[in-house]
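Residue numbers (my numbering), protein chains in the order written: chain X, 7 to 516; chain H, 7 to 516.
Note that the Cβ used here is the ideal one computed from N, Cα and C, for glycine as well.
A short write-up of the structure that comes next.
Protein chains: 2
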Amino acid sequence: MADSSQPRTARRAERRRVQGAPTTPAHSQPLIARFAKFNLIADADVERIHAASLAVLEKTGVVFKSDAAIDAFRSAGARTHGQQVFLDRPLLEACLATTPAQYTLHARNPANNVTIGGDFCATMPGGGPPYVHSLDGVRRPGTLADLENFCRLSQQSPDIHVIARKAVEAQDVPVAVRHLRCWQAALTLTDKPVQSGFVNGKAEAEDALQMLAIVLGGERAIDGVPVAHCSVNANSPLFYDTPMLESLLLFARYGQPVLITPFVMAGVTGPTTLAGTLAQHNAEVLAGVALTQIVRPGTPVLYGTATSNIDMRNANPAIGSPESAQSIAICAQLARYYKLPCRGGGALTDSPIPDAQSNYERMFTLLTSLLSGVNFLMHGLGILESYLTMSYAQFVIDLELLAMLRQFVQPIEISDETLALDTIHDVGPAGHFLEAAHTLRHYRAAHFMPHISLRQPFEQWEAAGRQDATQRATGRCRELLAGYVKPALDSTLEAALQAFVERRTTNVAR
Amino acid sequence: MADSSQPRTARRAERRRVQGAPTTPAHSQPLIARFAKFNLIADADVERIHAASLAVLEKTGVVFKSDAAIDAFRSAGARTHGQQVFLDRPLLEACLATTPAQYTLHARNPANNVTIGGDFCATMPGGGPPYVHSLDGVRRPGTLADLENFCRLSQQSPDIHVIARKAVEAQDVPVAVRHLRCWQAALTLTDKPVQSGFVNGKAEAEDALQMLAIVLGGERAIDGVPVAHCSVNANSPLFYDTPMLESLLLFARYGQPVLITPFVMAGVTGPTTLAGTLAQHNAEVLAGVALTQIVRPGTPVLYGTATSNIDMRNANPAIGSPESAQSIAICAQLARYYKLPCRGGGALTDSPIPDAQSNYERMFTLLTSLLSGVNFLMHGLGILESYLTMSYAQFVIDLELLAMLRQFVQPIEISDETLALDTIHDVGPAGHFLEAAHTLRHYRAAHFMPHISLRQPFEQWEAAGRQDATQRATGRCRELLAGYVKPALDSTLEAALQAFVERRTTNVAR
């Protein structure tokens, strides 16, 4: 189908494009779900879960292990008993009234700013796994070099909107200074917004905000301007611990977006029945959301979920299960009910390796997330083994899955030109379209062009070495890493970051 | 979590159940999508595609290579030109007015009758692949023994509702008598409804109906009682060939359900743009539907789709593509628009082996089909390599995917018992639910229990031999085949089938 009248270099460039060789890094492309969102349960059932959560908040309450949080709740009029907080409907409604339904997350390169909320679905790689599934297929502890590699891969992909500051735990860096090195890697190797993720207490939170301020124009420039999400997980059931609360309080004071994400495991940290687990989950989210709004009304806050079940045979979490997908769909409905942006799902699996299981499970949770209206896909790439492992090959496969999903939901143009009635008439019954002028006008842009998925005769596949998709992804990953181009960063800012890291490292070492 | 007060045999039975050993064959369990269906495009765009199809039918027309079909169209008032038929809106509307929105497909065991239409989603294995991906991982021509094996696997699964008479091409049986041996296998090894699928002309269609009559109570018993779908593919663009029409005419005369399934490949047998390909596809479906209703008003007919794109690099079909998923979703919308049951999707992939690709692609098309309201998932199990290969291991993986989807869409009970507010209160903040009475009451039935998917500590997986999901499925397939139990069939009927096959074999050989 190549047009032989093209000059040779153009043909070569076209061939390269079509064959999927590395290309110049592109800006993020939004993933937009313009359709009516999928509702797994009826509106009346959403109301019933809401009512049950209110009953939990009024009667059972939630424990906050932080005097500052308790003081905040008290000052807002909540009833407290020691560190247990009881919330009633009027206070909750007042807090929910100040949450934004949509906001912009700012990047150091404004071309990579991301909208969170509405029809937008932003994606981020997995965050937090202690292990890496290497390009050699070995599972080993994560390192700073791995984290840097995942930053490089993330920078290049138009389908990754937010960088994971902790795509893996950099276990070769001492714990006390690890967060500094991770922030430095993410802020220098990429120019997209960076996810703070879990922050281990006040000092780490302060370091994070200071490093963000360095590259984004100073402390004032980030005050009330969303630049980094902080992740706050409830310790289910109904409990928020001190480090989580310290980071919540500091991020909220700066008007930085807070992700409230209970990770209830039905049968262990919540009731076995999904209805009960979601009622408790929802109560935990609402309590966290309330605190953010008491601290600073209008602070962006996301309705998060990592809630699922366990395998009753061994009590292992089951994050790629049908119950996980149900939980994603229903939490997205609850988030819509409260007019909150939703974080959920991602590419989830319990498989230890990038195999058939890891791919049917992750496509299940990914597609459910997108159709259900999740706005922020954390763990959108690379995750294996119930969040314990980050895989290079799976990461590159996931780039393909996200690109497939973007193509799937992009608006289908229905116009005289695309309906092509004249062409259909000219070709006529039993004809073919290969040489039609309409085909030549459209074939380049019309269809998704995969990098990993094969469609080719069996004999060609055999002759090319019988590689499976995971092996092909491994090869492509090496190409992508080799093709990485570091984005521009003012050398003064880069030096300032370096100086900050050195100073803090010295302080910590003292 | 085992209740040690149970007697030992009960505990053993429970352990067997939980560990997923073969169990007694179960009747089919319906897959019911009780939610509002997913709409990828706006209603106005559905109307535009409909209007474009009407224009194609009025101006360009469709060729039917059958004098009997042309006579039927003429008698209904259609304009014809040789074998080209032009349909106008009034005639089409009259034909659409007599199609049933829902019907029951009858099995020789009434417990396995299946509802087609409404919120129901019936599944059938792949049909027609010439090759098999064996349990040893080798691709080779399909045999009658393979077909029999897929019948045995299908009979056992509650998630397979319709048996594929041609799950593979039995290439070791001479073409002239192959259909007889396939029907005999499907009708004796299973007691679920059997899919006729493609029928190569009038003689084969007559044999099919006679063999069905033998096991279902005589010719009168199947006249107007749906017992087997016949598949009719248009030869796109806008062309129906003689063998397809012969079987359509005979099946419709018996009131047997007809599947009208264009397999348009955008860019080759239809315009490159999806809008144009779907306008043409829809015109082809409407023309076929009209013929069924002219032959016998009220004949069940399904709106089918196998339409997708090709890979522009090598012109290979791309059935696991985002465009394939778009086509499934939009055709389901078109079917709803016409109040026709919809056949589409299935577990589709272009991968030659049961790997990561075959599993992310099939979960994409499967879940899209279910959420979009497809009523009949043909090719729901086993398909690899763009319909060319049927895989044992993938078949068993697909059993798991269908079971996951059934769990996902089953209604979630929201009641005082499942909301469990008292239990949440009693456990309280930072407690756990493992020993709660509520957990003991519910844990057995609450969650999906996989046969293939693992959720277990990495070290356990390593110690157990590091099998990937495909290897585990291969092992389970051997277990399922060993555990097969042939369903009862009256020996007189079985002998009558045998006699019919022998008589026809002799006739054909003459």
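Linking X:A353 to X:A117 through their CA atoms gives a straight-line distance of about 26 Å. Contact annotation: in the region 351-382 of chain X, residues whose CB is within less than 8 Å of a CB in chain H are D356, S357, P358, I359, P360, D361, A362, Q363, S364, N365, Y366, E367, R368, M369, F370, L373, T374, L377.
Taking the Cα of X:R412 as reference, the smallest distance to any Cα among H:T355, H:S327, H:D404 is reached at H:S327. Shown here, X:Y309 sits in a strand according to DSSP, grouped into three states. One thing to note: H:T196 has its Cβ within 7 Å of the Cβ of H:Q161. For the pair H:T267 and H:N239, the CB atoms are nearer than the 7 Å cut-off.
Rounded to whole angstroms, H:P199 and H:V233 show a C-alpha spacing of 6 Å. Residue nearest to X:R259 within the set X:L60, X:A338, X:P303, X:H167 is X:P303 (criterion: CA-CA distance).
Under the three-state reduction of DSSP, H:Q201 is assigned to strand. Considering only beta carbons, the part of the region 323-347 of chain H lying closer than 9 Å to chain X consists of P323, A324, I325, G326, S327, P328, E329, A331, Q332, A335, I336, in chain order. Taking the C-beta atoms as reference points, X:S375 is found no nearer than 7 Å to X:P323.
In terms of Cβ geometry, X:V295 and X:V307 form a close pair [threshold 7 Å]. Residue state for X:G471 is assigned as coil, using DSSP reduced to three classes.
Within the region 55-69 of chain X, the residues whose Cβ lies closer than 8 Å to some Cβ of chain H are I55, A58, A61, V62, K65, T66, G67, V68, V69, listed in chain order.
In the DSSP assignment, X:D73 falls within the alpha helix (DSSP H) that extends over 73-81. In the DSSP assignment, H:G282 falls within the alpha helix (DSSP H) that extends over 280-301. Rounded to the nearest whole angstrom, the C-alpha separation of X:A281 and X:I334 is 13 Å. Per DSSP, reduced to three states, the secondary structure at X:Y137 is strand.
Taken in chain order, the whole beta strand (DSSP E) runs of length 3 or more contained in the region 211-237 of chain H number zero.
The beta carbon of X:L141 sits closer than 8 Å to those of Y398, A399, T480, C483, R484, all from its chain and outside the five residues before and after it, given in chain order. One thing to note: H:L93 has its Cβ no nearer than 7 Å to the Cβ of H:I336.
With a contact defined as Cβ atoms closer than 8 Å, X:A176 and X:L153 qualify at about 5 Å. Within the region 386-414 of chain H, the runs of beta strand (DSSP E) at least 3 residues long that lie entirely inside it are, in chain order, 395-397. The C-beta distance from X:Q363 to H:S459 rounds to 5 Å, short enough to fall under 8 Å.
H:C348 has H:Y309 as its beta-bridge partners, per DSSP. Annotation: H:H87 is outside any alpha helix (DSSP H); the continuous beta strand (DSSP E) that includes it extends over 85-87. H:V274 is not a Cβ neighbour of X:L425, given a cutoff of 7 Å. When CB distances to chain X are screened at a threshold of 8 Å, the residues of the region 474-490 of chain H falling below it are D474, A475, T476, A479, in chain order. Distance check between X:A211 and each of X:L255, X:A341, X:G224, X:I169 places X:L255 closest, using alpha-carbon atoms only. DSSP places X:Q332 in the helix class (H, G or I) of the three-state scheme. Closest in C-alpha terms to H:G88, from the list H:R40, H:C101, H:A74, H:D404, comes H:A74. Checking the DSSP bridge columns, you'll see X:G304 has no partner listed. Identification of residues in the region 408-420 of chain X having a C-beta nearer than 7 Å to some C-beta of chain H yields M410, Q413, F414, I418, E419, I420, given in sequence order. The region 52-71 of chain H and the region 177-188 of chain H do not touch, with fewer than 3 CB-CB distances between them shorter than 8 Å. In chain order, G273 place their CB closer than 7 Å to the CB of X:M318, counting only its own chain and leaving out the 5 sequence neighbours on each side. Interface criterion not met: the Cβ of H:H385 is under 7 Å from no Cβ in chain X.
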